[in-house]
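Residue numbers (this note's numbering): 3 to 211. Worksheet: one structure, shown below.
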């Protein structure tokens, strides 16, 4: 592997990661949370909207996590990994006009994204103590996604929240939300931090914390 190829590979990986973040964000925000031209005219898109905005959020807004998943009953937690290259084919074709090697890297990134989404999304909503469940990066993503269920118009990214920060849809946790995340085991706190947040919640009137 020569230096030029290594540099190109690094660029392809970074660009693909960022592009996937924006695709995830917009698909989640525009197709899974909004009735639009597509969902009003196509049953497939309508099914995507109802499955996510109504079934998934209807269940996990009341509780962020529940018992380990029952086979065949996951409340729309999983993405279909095998369909990922088909769903992103238009992007792949455009990228291939620039570089077929970059197109291959992009397809690989999409597959990895869907696989990672399924793993971490299951652990978020159906915790089973998977090996990564105590890792810092996972806990950060779990907190990010928890806030999405509290604020459905924020935090649309699940795997790589780059687009949320760029597009200004990143939610900031209140003191009470931090305490809730601590209770779920998503936010480690020292005794001092815990007491400070508890004191802050008591001081702020209900509904404003």
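The beta-carbon is built from N, C-alpha and C at its ideal position, and this holds for glycine as well. Please read these numbers as outputs of a predicted model, since none were measured by experiment.
Put residue 66 into one of helix, strand or coil per three-state DSSP.
It is coil, neither helix nor strand.
Residue 45 by DSSP, collapsed to three states: which one?
helix
Would you be able to state if there are at least three C-beta pairs under 8 Å between the segment 19–31 and the segment 158–168?
yes
If you follow the alpha helix (DSSP H) that residue 94 is part of, which residue opens it and which one closes it?
91–100
Taking the alpha-carbon of residue 139 as reference, which of 152, 4, 181 and 188 has the nearest alpha-carbon?
188
Can you confirm whether the segment 112–119 touches the segment 174–189 when touching is taken to mean that 3 or more C-beta pairs between the two stretches lie within less than 8 Å?
These segments do not touch.
Just tell me which of 197, 173 and 83 has its CA closest to the CA of residue 184.
197
Is residue 174 helix, strand or coil by DSSP?
coil
Do you know how far the Cα of residue 82 is from the Cα of residue 144?
21 Å
Distance, Cα to Cα, residue 148 vs residue 125?
12 Å
Rounded C-beta distance between residue 86 and residue 113? I'm assuming under 8 Å.
6 Å
Which first and last residues belong to the alpha helix (DSSP H) in which residue 138 is found?
138–152
Below 8 Å on the Cβ atoms is my guess for residue 158 versus residue 150; work out the distance and round it to an integer in Å.
7 Å
Could you pull out every residue in the same chain whose Cβ sits closer than 7 Å to the Cβ of residue 38, ignoring the five residues on either side in sequence?
32
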